[in-house]
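Numbering (our numbering), first residue to last: 6 to 165. We put the beta carbon where it would ideally sit given N, CA and C, even for glycine. The structure presented is a predicted model; accordingly, all values stated were derived computationally and were not measured.
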Ligand code: SF4
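See below:
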């Protein structure tokens, strides 16, 4: 028997399509990945303010003409030829605070909702789908990882 693993990289602005077919999602703003997560975590709990804005701007099922105005993300994309020193999303971000103007937030690995609660104290590493990355000063990198009984542990910085 021959196993063939196929992956599809889909680049789109249509979050409805993403919700239907994607397992993992990377959200880009101004040419950089600002959030990466399993599709389930991303749609259930967006962390980056840009992702949250995109989800708010989606047409909800059953909406009809004139029923409800779509929410827009105010402002426009930054000038990438002379970018500001801080977070590129800062001029449009509803959550902007002091550090955002000083430097660009790094993309750090955090742990998604699937690894919280009772699963957080498990000696087993979270499933790969639990890892998510966010580039926003509101979120810190994953805390020290729990160790497995054999001492091998797992590395939260390994990414997904
Ligand atoms: S780093 Fe600051 S400006 Fe950038 S998305 Fe996060 S809160 Fe908003």
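Check the DSSP bridge columns for residue i and list the partner residues they point to.
i           : result
residue 31  : 41
residue 137 : 115
Taking the straight line between their C-alpha atoms, what separation do you get for residue i and residue j?
i           : j           : result
residue 106 : residue 9   : 47 Å
residue 80  : residue 93  : 12 Å
residue 138 : residue 76  : 25 Å
residue 100 : residue 50  : 16 Å
residue 88  : residue 54  : 19 Å
residue 47  : residue 33  : 13 Å
residue 42  : residue 116 : 9 Å
residue 85  : residue 104 : 20 Å
residue 152 : residue 82  : Residue confidence is low: residue 152 scores 43 on pLDDT, short of 50, so the model does not pin down where it sits. No coordinate-derived value is stated.
residue 96  : residue 78  : 11 Å
residue 145 : residue 136 : 13 Å
Name the residue from the options whose alpha carbon lies nearest to the alpha carbon of residue i.
i           : options         : result
residue 114 : 80, 83, 39, 50  : 39
residue 3   : 56, 139, 35     : Because residue 3 is not part of the residues shown, which for the chain are 6 to 165, the question remains open.
residue 102 : 143, 23, 17     : 143
residue 23  : 53, 111, 59, 86 : 59
residue 29  : 35, 44, 17      : 44
residue 64  : 98, 18, 96      : 18
residue 2   : 98, 31, 12      : An answer regarding residue 2 cannot be provided, because it is not within the stretch 6 to 165 covered by the chain.
Does the Cβ-Cβ distance between residue i and residue j come in under 8 Å?
i           : j           : result
residue 27  : residue 15  : yes
residue 110 : residue 141 : yes
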